[in-house]
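Notes follow the structure.
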Amino acid sequence: MSPKSQDQDKNPRPGDPDGTSSPKPKTRKTSFRKMALLIKLWPVYAIILAVLLVCLLFLPIFGKPLISFQRNWEISSSDLSLEEIKDLYRINSSEYIYKVIFPYDFFDPGISELGILKKVQANLGKDPKKFLSPEEQEYLQTWNLAKKYRLNIKAPDYHFLVATVIIRAGFSFEDINKITLNPENPENKPLSLEIPPAKILDIRVEDPIRNEYPFPDVPLSPEGWKEIAALMKARAQRLSLQDGILEEAEENARDFLSSLLKSSGFSSVEFKNIASEDFTQK
Amino acid sequence: MLASLFFSCSDSKIDLTSLHNKIENILQLETAEYVYRDLMYKELGSSFIGITTRDTRLLAELKIRVVAGVDAKEGIQLSRIKNEQNEETVRVSLAPAKILFVDADEDSIHQFMLKEYGFADQGRISLLEFTDQLKENKEAAQKDAVNRGILQKAENNAKILLKNLLSAAGYPKAEIVFKTHPEQPEILANEP
Chain A
14 MSPKSQDQDK NPRPGDPDGT SSPKPKTRKT SFRKMALLIK LWPVYAIILA
64 VLLVCLLFLP IFGKPLISFQ RNWEISSSDL SLEEIKDLYR INSSEYIYKV
114 IFPYDFFDPG ISELGILKKV QANLGKDPKK FLSPEEQEYL QTWNLAKKYR
164 LNIKAPDYHF LVATVIIRAG FSFEDINKIT LNPENPENKP LSLEIPPAKI
214 LDIRVEDPIR NEYPFPDVPL SPEGWKEIAA LMKARAQRLS LQDGILEEAE
264 ENARDFLSSL LKSSGFSSVE FKNIASEDFT QK
Chain B
2 MLASLFFSCS DSKIDLTSLH NKIENILQLE TAEYVYRDLM YKELGSSFIG
52 ITTRDTRLLA ELKIRVVAGV DAKEGIQLSR IKNEQNEETV RVSLAPAKIL
102 FVDADEDSIH QFMLKEYGFA DQGRISLLEF TDQLKENKEA AQKDAVNRGI
152 LQKAENNAKI LLKNLLSAAG YPKAEIVFKT HPEQPEILAN EP
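From first to last, the protein sequence lines are chains A and B. Sequential numbering of the first sequence, starting at 14, is according to the numbering used here. Sequential numbering of the second sequence, starting at 2, is according to the numbering used here.
Have a look at this one:
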């Protein structure tokens, strides 16, 4: 009998009824040790992962990061085609510029929404022009426009627009044959000039430009902008007529034509509006 | 006073008429207009971790007007001269024609399609996003109009306008010249 076998007989291992020897289960202990070692190295793994994430997300590789959580895109294209060429024969002799605020310029402080609503309810089905004053109609139209295009004109958003409206007045000379010489005294060469009445030739709204528009942007579709711009133009036109743009245009044009023709030798120039009384300038 | 100011602010009632009312005396001869049709498409979008947060698309058209003419305020001179046939006439010297303004006509806006998707107001197209596109298109229209000869047309029509005016005044052979044109030097003094 070998010494080993003798020892095994004296001290048999548990579970070993016949005393024969078998290898100890060392695998479980080894795997635990390995796992413990791996857990101890967690800072190293965290650093490697962080570096990888920075490289992937923030560092530009060939122009942009490989992975990005946020993506933005913008596509703009347009097609321009010439539609019409017009010959104009106009003299602009006056220009008025207005700043119009939508909607606050259109809300008369003396009018209440409740008053308008009561009138509308009392006259359901009728044309508002028959029972609302022009200011009330404008108030109602503004309110409806703001509601239609989801402009919150009350708290907390207070959406509003500020636009520059330019109105030009003068004369259109498409038909400039109405000029006559005074036949009674041709030697002194007084000139009788028949001119058409002054009228508003152009009303335009300046488009707000991002870098120059000092007020907050407003969520508004092009259709909404079209309707609001029309309202602003109407208001500016009404104001300009009240402020005398047509009279100013006529006076400026007379001054211009008078000085132009006098410097060519005419002693006096007489203006005659087609639809108004004579004016004589000497 | 401070209390009234505070309460008036919190009342949120703004009573304003025109903020800016400016009167300018101008004298311009508008003599040519080119009208362009602008068909524009704009798409704005954003996403977060693959989830679309904004998808805004717009297709619209409108007209852009390019108007040219002569600004008489930049200088107009009229003098009596004798032409090559020794006939008495007048010569008018004007500043050269220029682009007076380029305008996107809001009345002509036609919106074909508008898609607005996004959280709250983020998906909605804004006014400045639309006018940003317009600014570029207006510049392109102006450049195209100049290439197509709008300034020459404006000068020709200004000549017609003034010639007709002076012709009826007794000077059928009036001469109209534009300054800074090398072949037509500016008149420095009236001739007898």
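No residue lacks a Cβ here, since even glycine has one placed at the ideal position from N, Cα and C.
Counterpart residues of residue i in DSSP-defined beta bridges
| i | result |
| --- | --- |
| B:Q78 | B:S94 |
| A:Q83 | B:F49 |
| B:V178 | B:S94 |
| A:T177 | A:K112 |
| B:V71 | B:L30 |
| B:E89 | B:K83 |
| B:G119 | B:R55 |
| B:E44 | A:I88 and B:R58 |
| A:P229 | DSSP, once it has assigned bridges, lists no residue as partnering A:P229. |
| A:N105 | A:G183 and B:Q29 |
Proximal residues of chain A, C-beta to C-beta of residue i below 7 Å
| i | result |
| --- | --- |
| B:A61 | P235 |
| B:D122 | P232 |
| B:M140 | It should be noted that the sequence gives Glu, not Met, for residue 140 of chain B. Result: empty, since nearest Cβ-Cβ is about 11 Å, beyond 7 Å. |
Neighbouring residues, chain B, relative to residue i (Cβ below 8 Å)
| i | result |
| --- | --- |
| A:Y58 | Those do not exist, as A:Y58 stays about 24 Å from chain B at its closest Cβ, beyond 8 Å. |
| A:W238 | E107, I110, L128 and F131 |
Given residue i as reference, the closest of the options once Cα atoms are compared
| i | options | result |
| --- | --- | --- |
| B:T128 | A:L270, A:E240 and A:E148 | It should be noted that the sequence gives Leu, not Thr, for residue 128 of chain B. That would be A:E240, whose Cα lies nearest to the Cα of B:L128. |
| A:S94 | B:R66, B:N84 and B:E107 | B:R66 |
| A:G257 | A:P221, A:I124 and A:K212 | A:K212 |
| B:L59 | B:R81, B:L166 and B:H111 | B:H111 |
| A:A247 | A:P141, A:T155 and A:E96 | A:T155 |
| A:N224 | B:Q153, B:E130 and B:L40 | B:E130 |
| A:Q150 | A:P169, A:I129 and A:L137 | A:I129 |
| B:G124 | B:S48, B:T32 and B:L40 | B:S48 |
| B:I50 | A:P56, A:R84 and A:A168 | A:R84 |
| A:F383 | B:N158, B:I52, B:Q86 and B:G70 | Residue 383 of chain A falls outside the range modelled here, since chain A spans only 14 to 295, and no answer is possible. |
Close beta carbons around residue i, own chain, < 6 Å, minus the five adjacent residues each side
| i | result |
| --- | --- |
| A:F186 | Y102 |
| A:L302 | Coverage of chain A is limited to positions 14 through 295, which leaves residue 302 of chain A absent and any answer about it impossible. |
| A:E108 | R181 |
| B:L45 | T57 |
| A:K275 | none |
| A:A159 | P116 and I166 |
| A:I110 | I179 |
| A:D29 | Because the pLDDT of A:D29 is 49, which lies under 50, any placement of that residue in the model is unreliable, and the question is left without a value. |
7 Å CB neighbourhood of residue i in its chain, flanking five on each side removed
| i | result |
| --- | --- |
| B:S168 | A175 |
| B:A105 | L63, I65, L135 and K139 |
| B:F194 | Residue numbering for chain B in the displayed model covers 2 to 193; residue 194 of chain B lies beyond these limits and cannot be assessed. |
| A:L153 | I129, P141 and L145 |
Same chain, Cβ closer than 8 Å to residue i, neighbours up to 5 away in sequence not counted
| i | result |
| --- | --- |
| B:N22 | Unreliable positioning characterises B:N22 in this predicted model, as indicated by a pLDDT of 48, which lies under 50. A coordinate reading is not provided. |
| A:L50 | none |
| B:K180 | G76, S94, L95, A96, P97 and E187 |
| A:E197 | Confidence at A:E197 is low in this model, with a pLDDT of 48, below 50, so the placement of that residue should be treated as unreliable; the coordinate-derived value is given next. Cβ neighbours of A:E197 beyond the five flanking positions: none. |
Proximal chain B residues relative to residue i, where beta-carbon distance stays under 7 Å
| i | result |
| --- | --- |
| A:R217 | D104 |
Partners in chain A for residue i, counting only beta-carbon separations shorter than 9 Å
| i | result |
| --- | --- |
| B:V36 | L95, E96, E97, I98 and K99 |
| B:E156 | Within 9 Å Cβ-Cβ: nothing; B:E156 doesn't reach chain A, min ~12 Å. |
| B:S94 | Going along chain A, no residue has its Cβ under 9 Å from B:S94, so there is no contact; the nearest lies around 12 Å. |
| B:A33 | I98, K99, D100 and L101 |
Closer than 9 Å at the beta carbon, the chain B residues around residue i
| i | result |
| --- | --- |
| A:P221 | L128, L129 and T132 |
| A:A242 | E107, D108 and I110 |
- Query: Going along the region 95–118 of chain A in order, which residues come within less than 7 Å of chain B, judged by CB to CB distance?
  - Reply: Shown in chain order are the members of the region 95–118 of chain A whose Cβ falls below 7 Å from a Cβ of chain B: L95, E96, E97, I98, K99, D100, L101, Y102, R103, I104, N105, S106, S107, E108, Y109, I110, Y111, K112, V113, I114, Y117 and D118.
**Request:** With 8 Å as the limit, tell me which residues of the region 132–150 of chain A have their beta carbon closer than that to any beta carbon of chain B; keep them in chain order.
**Result:** Within the region 132–150 of chain A, no residue has a Cβ that lies closer than 8 Å to any Cβ of chain B.
ask   = Between the region 101–128 of chain B and chain A, which residues of the former have a C-beta closer than 7 Å to a C-beta of the latter?
value = From the region 101–128 of chain B, only D104, A105, E107, D108, I110, Q112, L115, D122, R125, I126, S127 and L128 have a Cβ closer than 7 Å to chain A.
*When Cβ atoms are compared, which residues of the region 49–76 of chain B fall closer than 8 Å to chain A?*
Of all residues in the region 49–76 of chain B, the ones placed with a Cβ closer than 8 Å to any Cβ belonging to chain A are F49, I50, L59, A61, L63, K64, I65, V68, G70 and A73, in chain order.
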